[in-house]
Amino acid sequence: MAFSREILTSLLSLQEKDSSLDHLAAEIAKVPAEIKTLRDALAAEKALLDTVKGRIAEFEKRKKEHELDLASKEEAVRKHQKDLNQIKTNDAFKALQHEIDNARAEGNAIETKILEIMEQLDACRGEDKKVQGELKALEGKASAEIGALETKLKVLEARHAQEKTVRDEASASIDPDVLKAYGHIRSRGKLDAIVPVRDGSCGSCQMRLSPHVVVEATKIKSLVFCESCQRLIYRPEALAAPGVAGAAVPPPPGWESGLAAKPKDDAAPISETAGGPLPDAEGRDSSRRQGEELPNSTERGAC
């Protein structure tokens, strides 16, 4: 799999574009929910108004029924009063008078109920007027906010489409295998697919990296993954250094301790001083080159 400083730079640039697209996608996803919230509030206010109007209709119906009952009782009283003039005996007179008294008492009770219903009707009509005012204000506010959100959605979608085009064009220059590895990491929910090495640790999960992994990340010759979270890692110092990867890069933290246990024929020991030579890409002392020998002590003295 081809990998180089240029590919790494392109991959980091691609990740920036993807991060921007992720942010836009999140903003786009919020808009329909915000519009739904406004419409739900409007629907709830309309439902409340319908409820109030339903209560008014119910009270008016009950009031009408009681008024009919009251009219019936009053008619009964008038009829019985006419019948009193035709009564011949005291017992019959008392019985009819009792019926008249009962009808009047029932009529009074009905009148009381009608008055109670009228009070409830007045309260409901007041609430109806209040809710209608609130609904009118809410409709104006919701209409303006929904319009603004719909405009915002169109702008975000257009921007997303534009940036997606730029992103796709940029990805075309990156090795397909590199893109596949990068895309696989993102598909697992790790949107920061490529992260820097910070003080010898992964810049995302913060787990300590082995010295060998840090060295490989310094070389920029192949994809290097965090041993813990499996994200791609790189050393910003190596990316910024000119020339051959690692030529001007300070040793990663823990380098000396990490190589102390390695066999001598695998990697030459590094100087204990801060200014000691670094290993080259093959792990040998940078003061040595293949096919060269160090000058002897006499020659060094002559210098």
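Numbered per numbering that gives the first Met the number 0, the sequence shown spans residues 0 to 302.
Quick reminder that beta carbons are idealized off the backbone N, C-alpha and C, glycines included.
Just so we're clear, the structure is a prediction, and the values are computed from it rather than from any experiment.
Status (buried if at least 16 other CB within 10 Å, exposed otherwise) for residue i
i    : result
S170 : buried
P31  : exposed
G245 : In this predicted model, G245 has a pLDDT of only 41, less than 50, meaning its place in the structure is not dependable enough to derive any value.
F313 : Any answer about residue 313 is impossible in this case: the structure gives the chain only from 0 up to 302.
S210 : Note on residue identity: the sequence assigns Pro, not Ser, to residue 210. Buried.
Q14  : buried
V154 : exposed
T217 : buried
A273 : Residue confidence for A273 is low, a pLDDT of 35 falling below 50, so the modelled location carries little weight; the figure read from the coordinates is stated next. Exposed, since its Cβ has fewer than 16 Cβ neighbours within 10 Å.
A192 : buried
D17  : buried
R234 : buried
L67  : exposed
L114 : exposed
Q85  : exposed
Proximity winner among the options, relative to residue i (alpha-carbon distances)
i    : options                   : result
A102 : Q80, D90, L114 and Q119   : Q80
A43  : L137, V194 and V214       : L137
E59  : L238, M117 and A157       : M117
V165 : F2, L20 and L7            : L20
L95  : N107, E105, D82 and E168  : D82
G199 : A192, R207 and Q85        : R207
E73  : A108, E57 and R54         : A108
S12  : C225, C204 and D167       : D167
A75  : T88, N89, E57 and D100    : D100
V212 : E226, Q85 and T36         : E226
E105 : S71, F224 and L41         : S71
Q119 : D90, E57 and T88          : E57
K29  : E156, G125, A160 and Q205 : E156
A25  : R158, K87, A147 and C204  : R158
Limits of the alpha helix (DSSP H) - the one that residue i falls within
i    : result
V130 : N89 to S170
I232 : Premise fails: I232 lies in the beta strand (DSSP E), L231 to Y233, not in any alpha helix (DSSP H).
I27  : R4 to L83
I86  : From DSSP, I86 is part of no alpha helix (DSSP H); its letter is neither H nor E.
I184 : P175 to S186
Within 8 Å, strictly: CB atoms of residue i and residue j
i    : j    : result
E162 : L23  : yes
P195 : G202 : yes
K52  : D121 : no
I219 : R38  : no
H65  : K112 : yes
D174 : A1   : yes
L69  : E110 : yes
S172 : S9   : yes
I27  : L190 : no
R54  : C123 : yes
Q229 : I184 : yes
I34  : I145 : yes
Whole-angstrom C-beta distance between residue j and residue i, which should lie under 8 Å
i    : j    : result
V177 : L222 : 7 Å
Y181 : L238 : No, Y181 and L238 are not in contact; Cβ-Cβ is about 16 Å, not under 8 Å.
Check: residue i C-beta below 7 Å from any heavy atom of the ligand GTP
i   : result
K45 : In the structure shown, the ligand GTP is absent, as is every other ligand, since no ligand is present at all.
Start-to-end residues for the beta strand (DSSP E) that takes in residue i
i    : result
I219 : Per DSSP, I219 belongs to no beta strand (DSSP E) and is neither H nor E.
R197 : I193 to R197
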